[in-house]
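Trainee: Our numbering puts the sequence shown at residues 677 to 1113. Each residue gets a CB set at the ideal place from its N, CA and C atoms; glycine is no exception. Predicted model only: the values in this text are computed from it and were never measured.
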Amino acid sequence: MSSGNRPVPPPKPASQRYSLLNPNRQTDVTTAPVRQNPVFPSIMADQESPTATHNSPRTWLLTASLSPLAVRLIRQLLSHGDCVAACFPPLEIEHEERSAEFRELINECTSGRKDREGWKDRIRGIRCDGRTMSGCGAAVAEAVDVFGRIDILLCCRSEAVVGTVEELSTNLATQSLARDQFETLFFSQVNFIKAALPQLRAQHTGHIMVLTSTGGHIGTPHMSMYTAATWALEGFCDSLAYEVAPFNIKVTIVQPNKEIQSLTNRIAFAPQIPAYASSFAEAPSVREMLTTVLNSHPDTAVPVNPESDNAATSPDSISLEPGEAVGEIFYRYPKLPPSSIDKLVNETIYALTAIGGHENPPSRHIVGTEGALAVKEKLKTVTEEMEDFVEASLAVDIFESELTEEARDDRNRGASQTPAASQTPATGPSTTASTNT
């Protein structure tokens, strides 16, 4: 998005200027007033014109702002003229390499460059871990205090835990990894949403966007907890959308490919059990693929397990006790060349900026052809399995009904179709289903 000919707002007086990286201020979000936007006075939070239009400046609150994707998104938003409340976990902002790009962005905002004029008045850094309601409430209140409103809440925090179900249950440390996965992907985002709802209801407008992955549709070996936490968050949002619709609050789930989230955030690896080694699989595992990427940079190379050379070569010859893993838990932030990161995240950034604040946004949006085809194939498989066992489903009905006959007829039509006939939308089972809906 470009800013076009939109005038850049003048900087605030020094007495009203906020620091970019400010510690939390404890403010009660439930009492935060809905008031005029101090940066863009033309955007009013009243009943006559409550909504910032899709092409006008909007106020975003990002729950995690240090990933390469988030930093590039913020740069796009600022160039468009939007305001950004950028939250970040304290531990990550103190991690020099993790926060380097964000600090570079802050330096751009304060550099005095002509093409960055006014940026420093439209961004606010807020320290917030997300795991406590009080911290999320304070972050929301601070964003409202600075910018007057929140138009879009973007829940974008992510972390991938890699390990099979058994590998994540070998000891207390690996069991904690599973819990941490839910804390990061599910509970921290839910806390932000709950904290923002009173403000969005008071405005009678708002857009909650949740950045997940195609893991919300498709399970992945070695990422069971990541998939489970993603499904939990998406199920939460499905129910939430119905609850907040009367208040003119929209909910959208954005699903890029899993590697986009995995390669731009921290990865935690559980110790591997030899029985699950990829030598017994027909294709490279997620662990192997991520390890290959990490090994491409010397700073992120995965430690070689000294016992791996002595590992068994077949399942029958494994000498370790069941559940005994080899190695230690380790964490990595992937390092990719800037050009590779741009190619990786640009489609997702485009989707977020195009959908954010839209008057009629989709409930789900899948980013990219590869992800769309994978999800489409999964839905096709689910539909075919349902048709194969439709008689078992109908058998539990106590009374025959029109719906029972309709389901049976749909199955019979699908079974009797020739390949040529199945290409005709007017007679296909999917067309019948959508018409009846």
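Under 8 Å, with one C-beta from each stretch per pair, do the segment 797-806 and the segment 843-858 reach the 3-pair mark?
Mentor: Cβ pair count under 8 Å is below three, so no.
Trainee: Would you report the Cα separation of Phe-868 and Pro-897, rounded to the nearest angstrom?
Mentor: Taking the straight line from one Cα to the other gives about 29 Å.
Trainee: Just to confirm the assignment: which complete alpha helix (DSSP H) runs, minimum length 4, are found wholly within the segment 990-1055?
Mentor: As far as the segment 990-1055 is concerned, its whole alpha helix (DSSP H) runs of at least 4 residues are 1014-1031.
Trainee: What distance in whole Å lies between the Cβ atoms of His-1041 and Val-930, which are believed to be in contact at a cut-off of 8 Å?
Mentor: Right, their Cβ atoms sit about 5 Å apart.
Trainee: Excluding the 5 residues flanking Ile-1017 on each side, which residues of the same chain have their C-beta closer than 6 Å to its C-beta?
Mentor: Closer than 6 Å at the Cβ level, and outside the excluded window around Ile-1017, lie Pro-744.
Trainee: Can you tell me whether Ser-889 is buried or exposed, with buried defined as 16 or more other CB within 10 angstroms of its CB?
Mentor: Label assigned to Ser-889: buried.
Trainee: Please name the residue in Met-899, Glu-964, Glu-777, Arg-792 whose C-alpha comes closest to that of Leu-853.
Mentor: When each option's Cα is compared against that of Leu-853, the closest is Met-899.
Trainee: Hey, out of Ala-953, Tyr-1009, His-756, Lys-934, whose CA is closest to Leu-970's CA?
Mentor: Comparing Cα positions, the closest option is Tyr-1009.
Trainee: Could you name the residues that DSSP lists as bridge partners for Met-899?
Mentor: Bridge partners of Met-899: Gly-839.
Trainee: Answer with buried or exposed for Thr-739, where buried requires no fewer than 16 other C-beta atoms within 10 angstroms of its C-beta.
Mentor: Buried: at least 16 other Cβ atoms inside 10 Å.
Trainee: Alpha carbon to alpha carbon, how far is Arg-833 from Gln-865?
Mentor: Their Cα atoms are separated by approximately 7 Å.
Trainee: Would you report the Cα separation of Leu-781 and Ala-944, rounded to the nearest angstrom?
Mentor: When rounded, the distance between both Cα atoms is 27 Å.
Trainee: Ile-884: buried (16+ other C-beta within 10 angstroms of its C-beta) or exposed?
Mentor: By the 10 Å Cβ count, Ile-884 comes out buried.
Trainee: Secondary structure at Ile-1074, three-state DSSP: helix, strand or coil?
Mentor: Ile-1074: coil per DSSP, three-state reduction.
Trainee: What span of residues does the beta strand (DSSP E) with Lys-926 cover, start to end?
Mentor: Start and end: 925-931.
Trainee: Tell me, please, which residues DSSP counts as bridged to Trp-736.
Mentor: Bridge partners of Trp-736: Val-760, Ile-828.
Trainee: Mind checking Ile-1074: buried by the 16 CB within 10 Å criterion, or exposed?
Mentor: Under this definition Ile-1074 is an exposed residue.
Trainee: For Asp-975, count neighbouring Cβ atoms within 10 angstroms of its own Cβ and tell me buried if that reaches 16, exposed if not.
Mentor: So Asp-975 ends up on the exposed side.
Trainee: Find out if the Cβ-Cβ distance for the pair Ile-949, Leu-749 is shorter than 8 Å.
Mentor: Cβ distance not < 8 Å, so Ile-949 and Leu-749 don't count as in contact.
Trainee: Rounded to the nearest angstrom, what separates Ala-1030 and Lys-870 at their Cα positions?
Mentor: If you take the alpha carbons of Ala-1030 and Lys-870, they lie about 25 Å apart.
Trainee: Using 8 Å as the cut-off, can you tell me whether the segment 1053-1065 makes contact with the segment 772-788, which would need three or more C-beta pairs spanning the two stretches below that distance?
Mentor: With a cut-off of 8 Å, the segment 772-788 and the segment 1053-1065 do not count as touching, because too few Cβ pairs lie within range.
Trainee: So, helix, strand or coil for Leu-781, using DSSP?
Mentor: Here Leu-781 sits in helix by DSSP.
Trainee: Would Gly-839 be called buried (16 or more neighbouring beta carbons within 10 Å of its own) or exposed?
Mentor: Flag for Gly-839 reads buried.
Trainee: So, under 8 Å CB-CB, Thr-735 and Arg-825 are touching, yes? Tell me the CB distance rounded to an integer number of Å.
Mentor: About 6 Å separates the two Cβ atoms, so the contact holds.
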